[in-house]
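**Student:** Take this structure, written in structure tokens, and hold onto it; I'll ask about it next.
Residue numbers (mature numbering (1 follows the signal peptide of the UniProt record, and there is no 0)): -20 to -1, 1 to 453.
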């Protein structure tokens, strides 16, 4: 596990030496990253688990790397090389012949939301989306085995998620090796789903702010999970409809909403997912979410309070037992994770360490570890030369903490860089490496942070953590 003190040491290395190798511990050359061809999960129990196109003979293992033409590529991960025809549908198995020694989990807020329903699906057709290509290139450069995308508009057919997998991730972008994800999970979001109440207090019912989660249409700012490992579809849990009032000692401003509206409010602004993955005969739970930003409200601080409680929900869920007794999933099943469950928390949690009691409590929870990934790009984005000078003074502990915070930033906002995106494994995970894809401006890889039209790909950066195998319960 990389401790907070270790992240400070990394920050010092990045700042003093202006060093950045932002993503590829498996290979120093970005072009050498491994990949795998698409496969299908037949007859999924959950229709929101989406099939891709082809299958491997062992569905619980990622298949051999190939480019968009299907040719085998060299890889630093020893994986099976046999491919089967697209028509040969294979169901998931708990047995696996995976010979890789680690898994890479990642989260990336891709800012691929659009202003109207169906607009993203239309844009993605034929592989021609400029932003879509740029997002795919970053994923190809980092080659995660499992990656959660936030702010990817949801559609009930799952077409956008499939097209992005096949026509963007599965096709080389920027001369990077294609990245294939056989298993895809997406589900409905509270964003844009009308509550039927005047939640923002403007005297009118309807509009983005009166939805259960801010959004102009159902599914705006949605989520999608891509995995090279099978999804245990039977045991997927979602918590889209969990009432905020169900949480004991919640921070909901009831007086602002009114008693009637408060009873109907849902806690997740998008949703909370528990997606179990089958990895070498073991189960790893991906806990995915995207809490509301703690901003855009008034003195009642409804969004600040909701962000706090959404993050607390994650903590209560992974804690399990009595702490999770109020939690009921969308199928009516109560409770949280089992005490011995292995998990990885993924998502844009919209909370900065030392500025949010909820995120600090989650990071410091006995069941959770925080690798505190860092990058040279984040240091550069901070751009405080005086701070660099202060850091060299060992007596200035405040500067040391500030530098560590700057080094672990994951997003660039108008008020400066902030850490809001997280990959937090359970304590039983052996973390071998971690990082943020945020190259310094002097690095050639920094060109991937902008689209071909010169716009920023996203205001967030991909965060990744490597975990040694075996992992899971």
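Cβ atoms here follow ideal geometry from the backbone N, Cα and C, with glycine treated the same way.
1) Under a three-way DSSP split, which group does residue 319 fall into?
2) Got a sec, what are the start and stop residues for the alpha helix (DSSP H) residue 283 sits in?
3) Examine chain D for any beta-carbon lying closer than 8 angstroms to the beta-carbon of residue 300, and answer yes or no.
4) What residues in its chain sit with their C-beta under 7 angstroms from that of residue 237, if we drop five residues either side in the sequence?
5) Note down the Cα distance separating residue 185 from residue 177, rounded to an integer number of angstroms.
6) For residue 330, count neighbouring Cβ atoms within 10 angstroms of its own Cβ and tell me buried if that reaches 16, exposed if not.
7) Sort 170, 135, 122, 113 by Cα distance to residue 152 and report the nearest one.
8) In or out: residue 301 buried (at least 16 other Cβ within 10 Å) or exposed?
9) Shortest alpha-carbon distance to residue 149 belongs to which of 405, 163, 303?
10) So, helix, strand or coil for residue 84, using DSSP?
11) Take the Cβ of residue 318 as the centre, count every other Cβ of all protein chains shown within 10 Å, and call the residue buried at 16 or more, exposed below.
12) Residues in the same chain with beta-carbon distance under 7 angstroms from residue 242, minus the five sequence neighbours each way, listed in chain order, please.
13) From this set, 168, 210, 134, 166, which residue's C-alpha is nearest residue 125's C-alpha?
14) Please work out which residues of its chain come closer than 7 angstroms, Cβ to Cβ, to residue 190, disregarding the five sequence neighbours upstream and downstream, and give them in chain order.
15) Quick one: complete beta strand (DSSP E) runs, 3+ long, within the segment 104 to 166?
16) Apply the 10 Å Cβ neighbour rule to residue 430 and answer buried if 16 or more other Cβ atoms are within range, or exposed otherwise.
17) Starting from residue 262, trace the beta strand (DSSP E) in both directions and tell me its first and last residue.
18) Could you check which residue in 277, 292, 200 has the C-alpha nearest to that of residue 97?
19) What three-state label does DSSP hand residue 512 in the structure shown?
20) If you run the structure through DSSP and keep just helix, strand and coil, what is residue 170?
21) When we look at the beta-carbon of residue 110 and count the other beta-carbons within 10 Å, is it buried (16 or more) or exposed?
22) The alpha helix (DSSP H) spanning residue 236 covers which residue range?
23) Once the 5 residues before and after residue 93 are set aside, which same chain residues still bring their CB inside 6 angstroms of it?
24) Mind the definition here: the segment 329 to 345 touches the segment 408 to 415 only if three or more C-beta pairs lie below 8 angstroms; say whether that holds.
25) Reducing DSSP to helix, strand and coil, say where residue 95 ends up.
26) Would you mind working out which of 359, 81, 166 sits nearest residue 266, comparing C-alpha positions?
27) Per DSSP, what are the beta-bridge partners of residue 202 in this structure?
28) Use the C-beta contact count for residue 309: other C-beta atoms within 10 angstroms, 16 or more gives buried, fewer gives exposed.
29) Quick check: what's the CA-CA separation for residue 358 versus residue 388?
30) For residue 188, which of helix, strand or coil comes out of DSSP?
31) Following the continuous beta strand (DSSP E) through residue 195, name the residue where it begins and the one where it ends.
32) Could you spell out where the beta strand (DSSP E) holding residue 447 opens and where it closes?
33) Three or more C-beta pairs closer than 8 angstroms, one from the segment 334 to 341 and one from the segment 250 to 258: is that the case here?
34) Look at the Cβ atom of residue 227, then the Cβ atom of residue 306, and state whether they are nearer than 8 angstroms.
35) Could you give the residue range of the beta strand (DSSP E) that holds residue 391?
**Tutor:** Based on what the coordinates show:
1) By one-based count along the chain shown, residue 319 stands at place 339. Residue 319 sits in coil when the DSSP states are folded into three classes, being neither helix nor strand.
2) Taking the first residue of the chain shown as position 1, residue 283 is located at position 303. Element bounds for residue 283: 282 to 299.
3) No chain D appears in the structure shown, which is made up of a single protein chain.
4) Looking up residue 237 in the chain shown gives position 257. Cβ neighbours of residue 237 beyond the five flanking positions: 179, 245.
5) Counted from its first residue, the chain shown places residue 185 at position 205. Counted from its first residue, the chain shown places residue 177 at position 197. Near 6 angstroms, if we compare the C-alpha coordinates of residue 177 and residue 185.
6) As a first step, residue 330 is located in the chain shown; it is residue number 350 there, counting from the start. Of the residues assessed, residue 330 falls on the buried side of the cut-off, its CB having 16 or more other CB atoms within 10 angstroms.
7) For the purposes of this step, residue 152 is identified with residue 172 of the chain shown, where counting begins at 1. When only C-alpha atoms are compared, the closest one is 113.
8) Residue mapping note: residue 301 aligns to position 321 of the chain shown, counting from 1. So residue 301 ends up on the exposed side.
9) Along the chain shown, one-based indexing puts residue 149 at 169. The residue with the shortest Cα to Cα distance from residue 149 is 163.
10) For the purposes of this step, residue 84 is identified with residue 104 of the chain shown, where counting begins at 1. Strand at residue 84.
11) Mapped onto the chain shown, residue 318 falls at position 338. Residue 318 should be labelled exposed.
12) The residue you call residue 242 lines up with position 262 of the chain shown. Answer for residue 242: 225, 232, 234, listed in chain order.
13) If you number the chain shown from 1, residue 125 lands on position 145. The shortest C-alpha separation from residue 125 is found at 210.
14) As a working note, residue 190 is residue 210 in the chain shown. The beta carbon of residue 190 lies closer than 7 angstroms to those of 174, 175, 177, 178, 179, 180 in the same chain, with the five residues before and after it left out.
15) Assignment of beta strand (DSSP E) within the segment 104 to 166, counting only whole runs of 3 or more residues, yields 126 to 132, 163 to 165 in chain order.
16) Counting from one through the chain shown, the residue named residue 430 turns up at place 450. With fewer than 16 neighbouring CB atoms inside 10 Å of its own CB, residue 430 falls in the exposed class.
17) Within the chain shown, the letter at position 282 stands for residue 262. First-last of the beta strand (DSSP E) with residue 262: 262 to 269.
18) Taking the first residue of the chain shown as position 1, residue 97 is located at position 117. For residue 97, the closest of 277, 292, 200 by C-alpha to C-alpha distance is 200.
19) Because the chain here runs from -20 to 453, residue 512 falls outside it and cannot be looked at.
20) Counted from its first residue, the chain shown places residue 170 at position 190. Residue 170 falls in the coil class under three-state DSSP.
21) Along the chain shown, one-based indexing puts residue 110 at 130. Per the 10 Å Cβ criterion, exposed.
22) To locate residue 236, count along the chain shown from 1; it is residue 256. Counting along the chain, the alpha helix (DSSP H) containing residue 236 begins and ends at 234 to 237.
23) Taking the first residue of the chain shown as 1, we reach residue 93 at position 113. If you ignore the 5 residues before and after residue 93, its C-beta comes within less than 6 angstroms of the C-beta of 131, 133, 200, 201, all in its own chain and listed in chain order.
24) Under the three-pair Cβ rule at 8 angstroms, the segment 329 to 345 does not count as touching the segment 408 to 415.
25) If you number the chain shown from 1, residue 95 lands on position 115. The DSSP-derived three-state label of residue 95 is coil.
26) For the purposes of this step, residue 266 is identified with residue 286 of the chain shown, where counting begins at 1. In terms of CA proximity to residue 266, 166 leads the group 359, 81, 166.
27) Position 222 of the chain shown holds residue 202. Residue 202 is not bridged by DSSP to any residue.
28) Taking the chain shown and counting its residues from 1, one reaches residue 309 at position 329. Per the 10 Å Cβ criterion, buried.
29) Walking along the chain shown from the start, residue 358 turns up at place 378. Walking along the chain shown from the start, residue 388 turns up at place 408. Cα atoms of residue 358 and residue 388: separation of roughly 7 angstroms, rounded to the nearest angstrom.
30) Within the chain shown, numbered from 1, the residue matching residue 188 stands at position 208. Residue state, collapsed to three classes: helix.
31) Here residue 195 is taken as the residue at index 215 of the chain shown, counted from 1. The continuous stretches of beta strand (DSSP E) do not include residue 195, and DSSP gives it neither H nor E.
32) As a first step, residue 447 is located in the chain shown; it is residue number 467 there, counting from the start. First-last of the beta strand (DSSP E) with residue 447: 443 to 448.
33) In this structure the segment 334 to 341 does not lie against the segment 250 to 258, because fewer than three pairs of beta carbons, one per stretch, are closer than 8 angstroms.
34) For the purposes of this step, residue 227 is identified with residue 247 of the chain shown, where counting begins at 1. For the purposes of this step, residue 306 is identified with residue 326 of the chain shown, where counting begins at 1. In contact: residue 227 and residue 306 (Cβ atoms closer than 8 angstroms).
35) Along the chain shown, one-based indexing puts residue 391 at 411. 391 to 393 is the extent of the beta strand (DSSP E) around residue 391.
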